[in-house]
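Note that the working numbering gives residue 586 to position 419 of the sequence shown, counting from 1, and the numbers run on in steps of one.
Beta carbons are placed, not taken as given, at the ideal position from N, Cα and C, and that holds for glycine.
See below for the structure under consideration.
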Amino acid sequence: MSKADSAPAPTNFIRQIIAEDLKAGKNNGRIVTRFPPEPNGYLHIGHAKSICLNFGIAEENYGGICNFRFDDTNPVKEDVEYTESIMSDVKWLGFNWGDRLMYASDYFEQLYGFAVQLIKKGKAYVCSLDAEKTKAMRGTLQESGTDSPFRDRPMEENLNFFERMRSGEFQDGAHVLRAKIDMSSPNLNMRDPVMYRIKHAHHHRTKDEWHIYPMYDFAHCLSDSIEGVTHSICTLEYEDHRPLYDWFLDNLELQSHPRQIEFARLNLTFTIMSKRKLLKLVQSKAVAGWDDPRMPTISGMKRRGYTPEAIRNFCERIGVGKKESRVDVALLEFCVREELNRTTPRVMGVLRPLRVVIENYPEDGVEYLDGPCHPEDAAMGSRKLPFSRVIYIEQDDFLEEPPKKFFRLGPGREVRLRYAYYIKCVDLVKESKTGKIIEVRCTYDPETKGGSSPDGRKVKGTLHWVSASHALNAEVRLYDRLFTRENPGNEKDEKNLMESLNPDSMEILKDSMVEPSLLDAPPEKKYQFERIGYFCVDSKDSSKDSLVFNRTVTLRDTWAKVSRNLGLAQK
Ligand code: ATP
Ligand code: MG
Numbered sequence: 168m169s170k171a172d173s174a175p176a177p178t179n180f181i182r183q184i185i186a187e188d189l190k191a192g193k194n195n196g197r198i199v200t201r202f203p204p205e206p207n208g209y210l211h212i213g214h215a216k217s218i219c220l221n222f223g224i225a226e227e228n229y230g231g232i233c234n235f236r237f238d239d240t241n242p243v244k245e246d247v248e249y250t251e252s253i254m255s256d257v258k259w260l261g262f263n264w265g266d267r268l269m270y271a272s273d274y275f276e277q278l279y280g281f282a283v284q285l286i287k288k289g290k291a292y293v294c295s296l297d298a299e300k301t302k303a304m305r306g307t308l309q310e311s312g313t314d315s316p317f318r319d320r321p322m323e324e325n326l327n328f329f330e331r332m333r334s335g336e337f338q339d340g341a342h343v344l345r346a347k348i349d350m351s352s353p354n355l356n357m358r359d360p361v362m363y364r365i366k367h368a369h370h371h372r373t374k375d376e377w378h379i380y381p382m383y384d385f386a387h388c389l390s391d392s393i394e395g396v397t398h399s400i401c402t403l404e405y406e407d408h409r410p411l412y413d414w415f416l417d418n419l420e421l422q423s424h425p426r427q428i429e430f431a432r433l434n435l436t437f438t439i440m441s442k443r444k445l446l447k448l449v450q451s452k453a454v455a456g457w458d459d460p461r462m463p464t465i466s467g468m469k470r471r472g473y474t475p476e477a478i479r480n481f482c483e484r485i486g487v488g489k490k491e492s493r494v495d496v497a498l499l500e501f502c503v504r505e506e507l508n509r510t511t512p513r514v515m516g517v518l519r520p521l522r523v524v525i526e527n528y529p530e531d532g533v534e535y536l537d538g539p540c541h542p543e544d545a546a547m548g549s550r551k552l553p554f555s556r557v558i559y560i561e562q563d564d565f566l567e568e569p570p571k572k573f574f575r576l577g578p579g580r581e582v583r584l585r586y587a588y589y590i591k592c593v594d595l596v597k598e599s600k601t602g603k604i605i606e607v608r609c610t611y612d613p614e615t616k617g618g619s620s621p622d623g624r625k626v627k628g629t630l631h632w633v634s635a636s637h638a639l640n641a642e643v644r645l646y647d648r649l650f651t652r653e654n655p656g657n658e659k660d661e662k663n664l665m666e667s668l669n670p671d672s673m674e675i676l677k678d679s680m681v682e683p684s685l686l687d688a689p690p691e692k693k694y695q696f697e698r699i700g701y702f703c704v705d706s707k708d709s710s711k712d713s714l715v716f717n718r719t720v721t722l723r724d725t726w727a728k729v730s731r732n733l734g735l736a737q738k
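Laid out in structure tokens, this is it:
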């Protein structure tokens with residue numbers, strides 16, 4: 168059986184191309200992809216799409232390889248902090264690059280050699296126009312560009328200048344190396360693009376060795392070729408760059424000519440994905456950092472309580488296409504909810520406590536009631552819930568004058584306490600000055616233990632609760648969307664971007680109470696707070712003595728509505 172026969176049925180056009188290439192025996196049946204982040208920021212959910220695609224394709228094809236390469240050709244914006252976070256995020260997502268960790272900066276010498284080759288072939292020249300002149304002479308989409316007066320500089324002189332650029336003799340901007348292609352090309356990328364610029368900058372890996380750095384378009388395609396990448400998968404905006412990549416690859420003697428395939432980048436509603444803009448949010452302190460749980464970064468989502476499985480599942484569901492679109496962020500939330508529903512233990516936590524005294528329950532009585540940890544997964548076992556005379560319920564679950572459809576507690580009403588008893592409200596205690604309800608007085612029916620009545624009496628509402636003397640105090644951080652506008656990234660000017668920030672994207676509750684089984688809740692552990700949502704223990708700020716929970720996602724499934732609007736079927 169050939170490799171092509173054993174491969175799974177292709178689920179998108181890229182996998183289809185790869186299956187066809189395998190079948191046709193191209194590249195001797197090798198599949199090499201790569202994920203090439205620039206270490207100039209943290210990875211976001213858009214990168215996750217690319218990671219899942221590239222690593223996924225390699226995993227699916229027997230013997231396939233995915234290189235993990237840092238495109239570290241721009242020393243000014245790069246940082247070791249970014250490199251480290253990127254590696255840890257890829258690992259967390261569940262992908263393994265083995266010994267295939269690469270750095271474009273490792274190819275600087277080779278790339279320099281390629282540039283020299285092009286000079287020797289009369290296909291590259293040192294241009295000494297300043298940046299402004301160069302730009303003015305580039306032309307526009309309507310007008311062709313103008314040849315640089317340095318375009319026909321003799322080859323020997325080009326070599327001499329280029330070497331002196333390298334050795335650091337000139338100031339930043341004094342010269343550049345340009346490819347000699349066509350100043351009248353309708354494709355602006357082909358109008359003698361810059362290959363190298365002078366930059367007296369410290370590089371986090373090559374230190375002070377280089378005074379010139381290759382431009383992305385030159386370095387990127389050649390790094391792919393050096394690594395023997397067979398399929399260079401990138402986003403649509405590089406479609407116009409492909410002729411330039413092909414030009415470099417065709418004009419140099421190379422072992423391998425990768426095939427570039429473009430796909431539509433992921434855009435999400437209520438989310439921005441540009442690293443430059445995300446950096447702006449961090450620097451302006453609009454968020455607490457790159458891993459703020461409201462950020463669309465992998466590390467933010469991790470801290471918020473999203474799981475790698477949910478993110479991978481989301482990436483699979485959105486598919487890979489050729490058309491720019493904007494995915495509803497509700498789909499991502501749906502995937503998270505779906506996963507957490509299946510995997511998290513249930514607990515009770517009261518976010519905004521209201522004191523309830525059960526008058527006919529013994530003063531010092533305590534009993535331990537059984538609460539299953541998962542309604543469908545018996546293997547998760549159960550926990551013991553202490554019940555006593557004073558409990559807390561959610562403030563929202565009580566109304567003095569309840570409207571018709573309100574099925575919770577109110578004067579004279581009876582409700583069920585989850586896993587416990589029916590209780591009935593018999594009185595209220597109000598603060599004398601403000602009239603605020605500070606305590607609800609109830610009676611309980613001892614016959615209803617476990618939550619059902621032997622006389623068949625029904626109640627409409629079931630409330631969550633905690634025993635006041637047993638519950639643990641916790642801080643709960645309620646996160647909501649970071650932006651109020653569906654397309655905040657559209658805003659060209661940054662003032663607008665900042666103005667579309669959601670002022671209510673975070674609410675901190677300091678007085679929440681959670682059931683005592685959470686005493687040893689470890690960092691990152693995820694739970695369903697019954698009737699409320701999914702929460703995780705904050706990885707940075709939570710400790711045994713002061714628990715901090717992040718709301719990952721609410722319980723309610725708004726996706727059903729969204730999917731109807733989008734005409735999508737719900738799985
Ligand atoms: P940004 O525009 O946010 O700075 P970038 O494309 O410059 O992103 P890179 O570090 O160069 O960031 O990206 C690494 C890889 O991730 C590239 O192959 C790129 O195509 C891919 N990628 C980046 N953003 C997205 C996205 N929104 N959807 C899919 N793939 C993406
Ligand atoms: Mg980039």
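- Under the three-state reduction of DSSP output, GLN427 falls in the strand class.
- Under the DSSP assignment, PHE222 falls in the alpha helix (DSSP H) whose first and last residues are 212-227.
- Taken atom to atom, the span from the alpha-carbon of LYS572 to that of GLU187 is near 59 angstroms.
- For GLY548, the closest C-alpha among the options VAL514, ARG201 and PRO360 is that of VAL514.
- Distance check between MET673 and each of SER679, ASN657 and PHE650 places PHE650 closest, using alpha-carbon atoms only.
- Rounded to whole angstroms, the gap between the alpha carbons of VAL503 and GLU429 is 28 angstroms.
- Cβ contact annotation for ASP687 (same chain, cutoff 8 angstroms, sequence separation greater than five): LYS711, in chain order.
- Near the ligand ATP, meaning a beta-carbon closer than 5 angstroms to one of its heavy atoms, we find PRO204, GLU205, GLY213, HIS214, LYS216, SER217, CYS401, THR402, ARG432, LEU433, MET440, SER441 and LYS442.
- Rounded to whole angstroms, the Cβ separation of LEU433 and GLU491 is 10 angstroms, and the two are not in contact under 8 angstroms.
- Contact annotation: the segment 381-392 touches the segment 255-275, with at least three C-beta pairs closer than 8 angstroms.
- Residue TYR405 holds the alpha-carbon nearest to the alpha-carbon of ASN354 among TYR405, SER709 and SER295.
- In the three-state scheme derived from DSSP, where H, G and I count as helix and E and B as strand, PHE554 is classed as strand.
- Restricted to the segment 489-537, the alpha helix (DSSP H) segments that are unbroken, complete and at least 4 residues in length are 496-510, listed in chain order.
- Using a Cβ distance threshold of 8 angstroms, ILE224 and ILE253 do not count as a contacting pair.
- The way I'd put it, the segment 283-290 doesn't touch the segment 240-259; fewer than three beta-carbon pairs between them come closer than 8 angstroms.
- Note that the C-beta distance between THR511 and TYR701 is below 8 angstroms.
- With fewer than 16 neighbouring CB atoms inside 10 Å of its own CB, PRO570 falls in the exposed class.
- Here DSSP, grouped into helix, strand and coil, assigns SER390 to helix.
- Inter-segment contact for the segment 313-320 and the segment 361-373 is absent: fewer than three beta-carbon pairs are separated by less than 8 angstroms.
- Contact between the segment 521-536 and the segment 584-603 is established, with three or more Cβ pairs separated by less than 8 angstroms.
- DSSP places MET269 inside the beta strand (DSSP E), whose first and last residues are 268-270.
- When the beta-carbon positions are compared, LEU220 and PRO381 stay at least 8 angstroms from each other.
- DSSP places SER713 in the coil class of the three-state scheme, outside both helix and strand.
- Of the residues ASN508, VAL283, ALA453 and GLY196, the one whose Cα lies closest to the Cα of THR474 is ASN508.
- TRP414 sits close to ILE348, with the two beta carbons spaced by under 8 angstroms.
- Straight-line spacing of the CA atoms in VAL396 and ARG182 works out to 15 angstroms.
- A straight line joining the alpha-carbon of VAL487 with that of ASP459 spans about 28 angstroms.
- Looking at the backbone, the Cα of ASP622 and that of LEU536 are separated by about 21 angstroms.
- For ILE560 against LEU521, the beta-carbon gap comes to about 5 angstroms, under 8 angstroms, which counts as contact.
- Going by DSSP, PHE328 is part of the alpha helix (DSSP H) stretching over 322-334.
- About 7 angstroms separates the beta carbon of GLU642 from that of LEU714, a gap short enough to meet the 8 angstroms contact definition.
- By alpha-carbon distance to LEU664, the top candidate from ALA346, GLY618 and MET440 is MET440.
- The distance from the Cβ of PRO204 to that of HIS214 is about 6 angstroms, consistent with a contact at the 8 angstroms cut-off.
- In this structure ASP678 does not touch LEU630 by the C-beta definition: roughly 18 angstroms separates them, more than the 8 angstroms allowed.
- PHE202 is a Cβ neighbour of PHE222, given a cutoff of 8 angstroms.
- For the set LYS193, ARG648 and VAL243, the Cα lying nearest the Cα of THR373 is the one of VAL243.
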